[in-house]
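Numbering (this note's numbering), first residue to last: 9 to 280. From the three backbone atoms N, C-alpha and C, an ideal C-beta is built for every residue, glycine too. Everything on this sheet refers to the single structure shown next.
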Amino acid sequence: MTTSEADQIAAMLEGIANRQFVLRYQPQVDLASGEVMALEGLVRWDHPQRGLLEPREFLPTAVGSELIVAIGRIVLDECAREVQLWHAMFSPGMTSKKQIWANMSAVELMQPDFVPAVAELLASTGVQPGVLGLEITEGDLIAHSDDLRSTLVALKEIGVLLAVDDFGTWYSSLSGIKHLPIDAVKLGHQFVRGVGQDLDEDHVVEAVIDLAHARGLMVVAEGVESWTEGARLCEMGCDRAHGYLFSGPQEPEQARSLLYRGTGWIAPQPRT
9 MTTSEADQIA AMLEGIANRQ FVLRYQPQVD LASGEVMALE GLVRWDHPQR GLLEPREFLP
69 TAVGSELIVA IGRIVLDECA REVQLWHAMF SPGMTSKKQI WANMSAVELM QPDFVPAVAE
129 LLASTGVQPG VLGLEITEGD LIAHSDDLRS TLVALKEIGV LLAVDDFGTW YSSLSGIKHL
189 PIDAVKLGHQ FVRGVGQDLD EDHVVEAVID LAHARGLMVV AEGVESWTEG ARLCEMGCDR
249 AHGYLFSGPQ EPEQARSLLY RGTGWIAPQP RT
């Protein structure tokens with residue numbers, strides 16, 4: 009371990025103790041209706057000297073040192089607290105179909121107490137089944153599928169939704185996850201980039217969406233930035249999307265308001 013790594017670990021330990029790790033939320037939009045269906049909780053480090061740090065600046069060290077376990081528990085706590093605020097602020101009819109999603113690493117999921125801790129959190133906060141969703145990267149699933157299988161099954165049994173994040177990054181196929189209790193796949197940036205501009209790429213994306221739907225999976229497009237991408241994905245039948253076309257990551261209060269008023273996305277009219 010280098011001196012800089014040791015210093016960062018010490019700083020992260022202090023940050024965990026002082027609740028410096030905070031969430032920003034990005035809306036997940038139903039492409040057909042334009043309704044915000046979920047918020048994705050994205051962790052940031054509110055460093056006392058360096059300001060708000062992006063995950064790439066601390067997650068590699070956090071995962072390598074397993075401090076990601078403690079940070080992940082903070083993320084789950086904040087997500088549950090956010091859902092409690094929804095119920096306090098909005099009508100049951102408005103929040104009944106809303107979800108909150110968080111990223112989890114294989115290191116976190118393989119902790120022996122992970123499922124009991126999630127179950128206890130859901131019970132203590134009153135978060136209903138089908139509201140909390142966890143995203144696992146395709147790379148983690150490929151590398152640890154045998155180790156993760158029982159954990160994923162147990163999470164499904166307590167009502168947690170599961171999604172494959174960055175799908176396509178490792179060029180795996182949907183058949184590779186058909187025996188896992190997955191609810192959704194998130195199309196990686198490399199799928200989304202160029203949609204609506206390259207006919208060959210469009211055919212690939214449309215085929216993935218159709219295959220996912222045939223397996224009963226919801227499809228979420230990541231990193232949608234242009235109206236062309238959003239419109240073409242909607243035409244292809246992609247269920248949801250997130251990205252700067254709709255909104256960047258927001259502080260909790262601003263993100264919460266998007267659940268109520270939406271992002272302004274208007275789906276294109278179907279072709280006749």
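Selection from the options that minimises the alpha carbon distance to residue i
{"i": "residue 69", "options": "244, 210, 115", "result": "115"}
{"i": "residue 129", "options": "163, 28, 209, 199", "result": "163"}
{"i": "residue 118", "options": "268, 240, 66, 155", "result": "155"}
{"i": "residue 268", "options": "146, 93, 185", "result": "93"}
{"i": "residue 34", "options": "254, 276, 208", "result": "254"}
{"i": "residue 39", "options": "90, 88, 235", "result": "235"}
{"i": "residue 108", "options": "224, 12, 47", "result": "47"}
{"i": "residue 80", "options": "73, 54, 111, 56", "result": "111"}
{"i": "residue 284", "options": "230, 158, 30, 262", "result": "Past the boundaries of the shown model lies residue 284; the chain is included only from 9 to 280, so the question cannot be answered."}
{"i": "residue 16", "options": "204, 73, 123", "result": "73"}
{"i": "residue 252", "options": "261, 243, 237", "result": "237"}
{"i": "residue 25", "options": "133, 59, 82", "result": "82"}
{"i": "residue 105", "options": "204, 132, 219, 169", "result": "169"}
{"i": "residue 264", "options": "19, 32, 28", "result": "32"}
{"i": "residue 198", "options": "176, 12, 219", "result": "176"}
{"i": "residue 50", "options": "56, 90, 225, 226", "result": "90"}
{"i": "residue 14", "options": "64, 28, 75", "result": "75"}
Run of the alpha helix (DSSP H) containing residue i, from where it starts to where it stops
{"i": "residue 236", "result": "235-244"}
{"i": "residue 95", "result": "76-97"}
{"i": "residue 48", "result": "From DSSP, residue 48 is part of no alpha helix (DSSP H) but of the beta strand (DSSP E) over 44-55."}
{"i": "residue 18", "result": "11-25"}
{"i": "residue 218", "result": "207-222"}
Contacts around residue i, its chain only, beta-carbon distance under 7 Å, and the 5 residues preceding and following it disregarded
{"i": "residue 274", "result": "42"}
{"i": "residue 77", "result": "115, 116, 119"}
{"i": "residue 185", "result": "149, 172"}
{"i": "residue 270", "result": "42, 43, 44"}
{"i": "residue 95", "result": "103"}
{"i": "residue 30", "result": "52, 54"}
{"i": "residue 223", "result": "182, 186"}
Same chain only: Cβ atoms within 6 Å of residue i, ignoring 5 sequence neighbours per side
{"i": "residue 152", "result": "114"}
{"i": "residue 209", "result": "202"}
{"i": "residue 245", "result": "217"}
{"i": "residue 3", "result": "With the chain represented from 9 up to 280, any question about residue 3 goes unanswered, as that position is not in the structure."}
{"i": "residue 1", "result": "Because the chain is modelled from 9 through 280, residue 1 falls outside the range shown and cannot be assessed."}
{"i": "residue 221", "result": "none"}
{"i": "residue 174", "result": "145, 146, 196"}
Spatial neighbours of residue i in its chain, beta-carbon cut-off 8 Å, leaving aside the 5 residues before and after
{"i": "residue 6", "result": "Residue 6 is absent from the model: the chain starts at 9 and stops at 280."}
{"i": "residue 10", "result": "none"}
{"i": "residue 250", "result": "34, 35, 36, 37, 48, 228, 229, 230, 231, 232"}
{"i": "residue 123", "result": "159, 162, 163, 166"}
{"i": "residue 215", "result": "none"}
Status (buried if at least 16 other CB within 10 Å, exposed otherwise) for residue i
{"i": "residue 102", "result": "exposed"}
{"i": "residue 194", "result": "buried"}
{"i": "residue 206", "result": "exposed"}
{"i": "residue 247", "result": "buried"}
{"i": "residue 23", "result": "buried"}
{"i": "residue 240", "result": "buried"}
{"i": "residue 88", "result": "buried"}
{"i": "residue 259", "result": "exposed"}
{"i": "residue 135", "result": "buried"}
{"i": "residue 261", "result": "exposed"}
{"i": "residue 280", "result": "Note that residue 280 has pLDDT 45, beneath the 50 cutoff, so the model's placement of it is unreliable and the number below is only indicative. Exposed is the call here."}
{"i": "residue 212", "result": "exposed"}
{"i": "residue 7", "result": "A query on residue 7 cannot be resolved here, the shown segment of the chain reaching from 9 to 280 and no further."}
{"i": "residue 56", "result": "exposed"}
{"i": "residue 84", "result": "buried"}
{"i": "residue 20", "result": "buried"}
Delimiting residues of the beta strand (DSSP E) encompassing residue i
{"i": "residue 192", "result": "192-195"}
{"i": "residue 33", "result": "29-38"}
{"i": "residue 247", "result": "Here residue 247 belongs to no beta strand (DSSP E), and DSSP marks it neither H nor E."}
{"i": "residue 61", "result": "59-61"}
{"i": "residue 229", "result": "226-229"}
Notebook entry, point to check: Taking the runs of the beta strand (DSSP E) that are 3 residues or longer, which of them lie wholly in the region 104-190?
Noted result: Those beta strand (DSSP E) runs which fall completely within the region 104-190 and span 3+ residues are 107-111, 140-145, 169-175.
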